[in-house]
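Chains as they are written, first to last, in the working numbering: chain S, 37 to 402; chain C, 37 to 402; chain L, 37 to 402; chain P, 37 to 402. Even glycine gets a Cβ: it sits at the ideal position worked out from N, Cα and C. Computed from a predicted model, the values in this text were never measured in an experiment. Below: the structure, in structure tokens.
There are 4 protein chains.
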Amino acid sequence: MTSAEAIGVGMLGYAFMGKAHSRAFHEVRSLEPPLVPELVSISGRNAEAVEEARARYGWAEAVTDWRRQVADERISLFDNGGPNALHAEPTTAAVRNGKHVLCEKPLGRTAGEARSIWVEAERAGVVHMCGFNYRFVPAVRLARELLEAGELGELYHFRARYLQSWGIEAPPSWRFEREAAGSGALGDLGAHIVDLARYLVGEPTAVTAVVRTFITGHEVDDAFAATVEFESGVVGTLEASRLARGRINQNTFEVNGSRGSVSFDVERLNELQVADEGGAFRRVLVTDPEHPFMRFWWPPGHIVGWGDTFTHEIHHLLTAIAGEGSVAPHGATFEDGYRCAEVCDAIVRSAESGRREAIAYRGSGE
Amino acid sequence: MTSAEAIGVGMLGYAFMGKAHSRAFHEVRSLEPPLVPELVSISGRNAEAVEEARARYGWAEAVTDWRRQVADERISLFDNGGPNALHAEPTTAAVRNGKHVLCEKPLGRTAGEARSIWVEAERAGVVHMCGFNYRFVPAVRLARELLEAGELGELYHFRARYLQSWGIEAPPSWRFEREAAGSGALGDLGAHIVDLARYLVGEPTAVTAVVRTFITGHEVDDAFAATVEFESGVVGTLEASRLARGRINQNTFEVNGSRGSVSFDVERLNELQVADEGGAFRRVLVTDPEHPFMRFWWPPGHIVGWGDTFTHEIHHLLTAIAGEGSVAPHGATFEDGYRCAEVCDAIVRSAESGRREAIAYRGSGE
Amino acid sequence: MTSAEAIGVGMLGYAFMGKAHSRAFHEVRSLEPPLVPELVSISGRNAEAVEEARARYGWAEAVTDWRRQVADERISLFDNGGPNALHAEPTTAAVRNGKHVLCEKPLGRTAGEARSIWVEAERAGVVHMCGFNYRFVPAVRLARELLEAGELGELYHFRARYLQSWGIEAPPSWRFEREAAGSGALGDLGAHIVDLARYLVGEPTAVTAVVRTFITGHEVDDAFAATVEFESGVVGTLEASRLARGRINQNTFEVNGSRGSVSFDVERLNELQVADEGGAFRRVLVTDPEHPFMRFWWPPGHIVGWGDTFTHEIHHLLTAIAGEGSVAPHGATFEDGYRCAEVCDAIVRSAESGRREAIAYRGSGE
Amino acid sequence: MTSAEAIGVGMLGYAFMGKAHSRAFHEVRSLEPPLVPELVSISGRNAEAVEEARARYGWAEAVTDWRRQVADERISLFDNGGPNALHAEPTTAAVRNGKHVLCEKPLGRTAGEARSIWVEAERAGVVHMCGFNYRFVPAVRLARELLEAGELGELYHFRARYLQSWGIEAPPSWRFEREAAGSGALGDLGAHIVDLARYLVGEPTAVTAVVRTFITGHEVDDAFAATVEFESGVVGTLEASRLARGRINQNTFEVNGSRGSVSFDVERLNELQVADEGGAFRRVLVTDPEHPFMRFWWPPGHIVGWGDTFTHEIHHLLTAIAGEGSVAPHGATFEDGYRCAEVCDAIVRSAESGRREAIAYRGSGE
């Protein structure tokens, strides 16, 4: 709609992430991106369902085989929003065909799988991004900016927990099966806070952990709790659960440093709690034009929604593809997707071994 | 994008409301409306600016005279998001030409002007809606549903305040001039809480008030405070200010009844505080699929933004135009726009007279 | 217990205030007051009940006639914590006998009665204090200190409300009878916020108001709402209700000025919300040794209770009696008790007349 | 002051705990205890300081050797509020002389020392209590009552943290020396949350942990983080730090169960957050007469302070000494003091070994 160049997009998946990403591809147009998305095709196995999604979400074509998309000359950006088991093969095929890629988290079901996807993308020289959308919450970006500017001084602690409650009475679902889901609260919720930990305070070097399945019939973890140590010396805790009554979607973190602290909860998406040397926390409503991303939106005090974080994410990706910036450090690359998986794997190992597990990260060229 | 019939839309205005409405016309498509908006033209006096807005917000044509829009056969819905002084003439012309209309608040600069617009729309038999978007906040609608269901018992109190702080150091602007703006905090902020008062607890019958201009050079009110009595016997207070340090956009109300209470603040848009006979308030995160409008969105705990309230508003309007519902009672009609103006006028009268001013509402046929 | 001189105390009343004051007379000893209270006698009409109170609260004697106390040579401080109808006569008799006096609020049932008590106390030249204990909440005193220091700049708004809910289902009681109680929410709750208004932003000059009795069988007001104007130009609202579901004891105020704001709620007694030019409110936990009164207590973050405010009040009074300070401006004198009554009376007048009622304060010598 | 029998009390220590306990011994009189404390003597090494404390806090005598107290026939209750290194010897001597004892936490500097004190007290057959005063916060007791009543269903998680910030810039002090203090955040803050964990969800069976000293010159730990497993199957985290900017005294816990959750923070001492199957947390103001301990105090909504928890504690102890109840389960016995120390020791061991450390509790007779 602006005079910017168009970029053809193909998307795999039409459920939760399909809806969120489709909406963002439309909404991003009013943020004046350097490339304007053209919604070429959406794919899924169920022909009827994918056609319905195509119509509702405004894609030009519906296809039932993602192989048609990764071969489609009109498509420059392949967006993989499919289930975890469908991340590796289509994403790898897309990058080999020279497509830029956005792949939802978790990048792979194991650190090994995640690393192989990353290696392929690096080899292909395409732009790659892993869908850790919480990096694109204005309040989270503001926290990172305060940290980068040294406002918090020397860092001491990081603690995060991601608590939901729907798992207590959920009907049977593939989400509780090992084969289909890989992991439970750890991969679903834990991956998000591990990524935020890395984005905000750097690389974890060791963890100790307990991982639990409480509900009869569940094959994957319902919850985990871990201590974590970082390269920078920071220590803290990570927790996630699907069984925390009263917590609907509490994705919260806190960083404490010698000169200040920040605290955030996704249930209050537009607020950052900030403390300095003067005492207690104060609530910063992150809606001023000078706050991250907020120049795109409304006057102060008029909040953005969770869905809008994807719009920021897509804007960031399009800017990188246009050569006007890079995905890192504010967007998560496939390397970030891989490193996150190493931390999650170490949590599982520690729960089994009863030992502090060190985390080693491999390069893409090894 | 769905197979629903299209409806041609013309919009007047390209600033704050132009942006909010344009975004909503796009976003509403994924909510499966019974009519799909086709963005025919956007108008404004400045040719360059309106062309830029056209491109950014995805309208087909840019025009510099709204008269072309109200005469355009392709346009069935005229959306007036222009400045207050441009509400009466274009809206009246549009309804005379048989267009359905959405007009931003305040409907008119006085109760008299507002009533004449309403009378014209009634006479034309078109669908008319006044842009009180806070009725379309899921938490606000939930409050109304609780009230309608009698969950709060006999009602005693309503209190609302709309507090901002930007007026303290604002540079000179038309917003502070009497001729251009009509009123200050009263029309800008007060109108919203008067409409919410009416939506939630019914017709105000009398007010007492003080209205103040504190800042040298401002010609309009910076703040007002009022007591209010309702037909139902409810008593309470209304306040608005542009000079309340620490308040960015605090648009808050509370209703107390014999069996329960509700409380809301737009800064925490997705939350409703609810009390019952058991004691203190509890926070309800209004993001469950069964909550108002939330079936359109995300899983529980993933919040919507302020901009999305316009999407709900447009969906509601399109449903009414399609004959599948009516604007009232959940949307504000032009009658609501007029009645709100009667309350605002009474507040001004009371501040001048030092007396309790009764409020009389006229019909459209008198 | 310290080597300070003793002062004999006689107390009228053994119910709610009797308990609160008795506890404070004991507790004040560890705050090193300049005079140490000696609890000479407690009085009440019911011999059995007053003897039980004597034993429980540690008074030396129990008497059934306050006249014995005001004549008792051992007593230098007379504390009137009796019902409202027993404020005037015993207090007046005490001051005529040269006793210093602490009298609970409201000082009199009308402004006239309150003024006559004040005039007598002035004439007698004794130290007099009216029991507005909220002035002795550390967070409230801190608010006053910030205001005195000019931290909030030019003041614009004051709003306060005192909301409880017990009145909805309360059994019949003298509290709802006109003869016995004088007024309802206005005198019981409203007097507290009127005094805080005066303590924080100065003299009210005019009010408009509605006063309501909702519950069948109640002879006094259940609630009121008012606008208020101050000598300083500040405008705002005052409200109180015994019928606000979800509100247990919400005694809250907010002051907005050109450079900052403060906000307080007695349900979070140890917290003051403070805003400056930098944006939103921050929570100040008023428990540092340099905070008002807190040098008497615990390390930071360990809160004081509502009962401890009376200990501060008694300490302040004893300091004034010892000649080491004065009751005003931080304690409420009988003049403050009288002026508060003038505001309450004006609220009643305005509700009846439907007019803005100006408030005139008389001196003690007129 | 009541007609109840008196009990002679001797106290060791006159600093922070000396003040808190002295105040409670006075205040408890108005709670109608079955035994009325008579404050016989207070002891400390510095003659001048202990005499000053004697006078201020209302003790009859000041002595410089605790041996005189444990030998004093007039004393039936020995209260040890001295520094940690002075817990074992005087407490042991007191119980051997048949005194009932209240000893501040931590009971001993190691599990071994704590156990030997417990064994001696058991052998002597006296009433013994360890000063975990947070058990006597009304909101904490309410949490326990909800748990005992099964209101939370099957328990899944317990998480607690105790965060302060004063350690960042604290001047040199014995609190940071290994010899004098034994441990840092772990013994000072961690012991409190370990006791609450045991009180609320039962015995910990294993921990993994990191313990850190960040500040140069500190010999003891500034912070720790741990995972914890309980006999009941519950898993969770424990954390404490003296270096958490913005946290003044955040002593908070949360318990999640299949049917409900509770959450508490000592900075909001009179509130318990409670969730049930219906959704989000609601704030319960724990000030109703039927709430734990609150029958002793004020009308609903009038809060108690931190100091008042000691009054509840003393009341509980006097009731046990009078034979009208037992210290356990609502008060902490010396066995609780010992078991807490076992958990703290395991945290240290795990931090050193890098392994999950099982916790074994010994009996008093082994």
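Contact with chain L by residue i, beta-carbon distance below 7 Å
| i | result |
| --- | --- |
| I284 (chain P) | yes |
| R92 (chain P) | yes |
| A316 (chain S) | yes |
| T369 (chain C) | no |
Limits of the beta strand (DSSP E) - the one that residue i falls within
| i | result |
| --- | --- |
| V340 (chain C) | Neither: V340 (chain C) is in no beta strand (DSSP E) and is coded neither H nor E. |
Min CB distance residue i to chain C below 7 Å
| i | result |
| --- | --- |
| R385 (chain L) | no |
| A382 (chain L) | no |
Close-in-space but distant-in-sequence residues of the same chain around residue i (CB under 6 Å, 5 per side omitted)
| i | result |
| --- | --- |
| N287 (chain P) | Y198 and V302 |
| V150 (chain P) | Before going on, a small fix: residue 150 (chain P) reads as Ala here, not Val. So the qualifying residues of the chain are L143, G144, G373, Y374 and A377. |
| G118 (chain P) | L48 and G49 |
Cβ-based burial, residue i [other Cβ within 10 Å; buried from 16]
| i | result |
| --- | --- |
| N82 (chain C) | exposed |
| F52 (chain C) | exposed |
| S386 (chain C) | buried |
| A185 (chain S) | exposed |
| D231 (chain C) | buried |
| E326 (chain S) | exposed |
| S409 (chain P) | This structure does not reach residue 409 (chain P), given that chain P is present from 37 up to 402, and the question cannot be answered. |
| R65 (chain P) | buried |
| P207 (chain L) | exposed |
| D381 (chain C) | buried |
Unbroken alpha helix (DSSP H) run spanning residue i, endpoints
| i | result |
| --- | --- |
| I229 (chain S) | A227 to V237 |
| L182 (chain L) | P174 to E184 |
| M330 (chain P) | Looking at the DSSP string, M330 (chain P) is not in any alpha helix (DSSP H), and its letter there is neither H nor E. |
Beta carbon proximity, residue i to chain S, threshold 7 Å
| i | result |
| --- | --- |
| W102 (chain C) | no |
| A179 (chain L) | no |
| E388 (chain P) | no |
| L354 (chain L) | no |
| R295 (chain L) | no |
| I395 (chain L) | no |
Cut-off 7 Å between Cβ atoms - residues of its own chain near residue i, not counting five sequence neighbours on either side
| i | result |
| --- | --- |
| C166 (chain L) | C139, K141, L143, A368, T369, F370, D372 and G373 |
| R214 (chain S) | E255 and V256 |
| R85 (chain C) | Contrary to the premise, residue 85 (chain C) reads as Ala rather than Arg in this sequence. The residues are Y50. |
| L308 (chain L) | A175, L178, A179, V298, F300, V320 and V322 |
| W333 (chain C) | V340 |
Within-7 Å CB hit, residue i to chain P
| i | result |
| --- | --- |
| Y198 (chain L) | no |
| R132 (chain C) | no |
| R211 (chain C) | no |
Cβ shell of residue i (< 8 Å), same chain only, five flanking positions each side left out
| i | result |
| --- | --- |
| I111 (chain P) | G44, V45, G46, V76, S77, Q105 and K135 |
| S152 (chain P) | A124, T128 and G144 |
| A262 (chain S) | V243, T244, A245, V246, T273, L274, E275, I383 and S386 |
| R318 (chain L) | Q309, V310 and A311 |
If contact is defined by three or more beta carbon pairs under 8 Å, each pair taking one atom from either stretch, is the region 265-276 of chain C in contact with the region 175-195 of chain C? yes
Can you confirm whether the region 277-292 of chain S touches the region 281-299 of chain P when touching is taken to mean that 3 or more C-beta pairs between the two stretches lie within less than 8 Å? yes
For the region 60-67 of chain S against the region 343-351 of chain S, do three or more pairs of beta-carbon atoms, one drawn from each stretch, fall closer than 8 Å, so that the two count as touching? yes
With a cut-off of 8 Å, do at least 3 Cβ pairs link the region 125-134 of chain S to the region 158-172 of chain S? yes
Determine, using beta-carbon pairs with one atom in the region 228-244 of chain P and one in the region 325-344 of chain P, whether at least three such pairs fall under 8 Å. no
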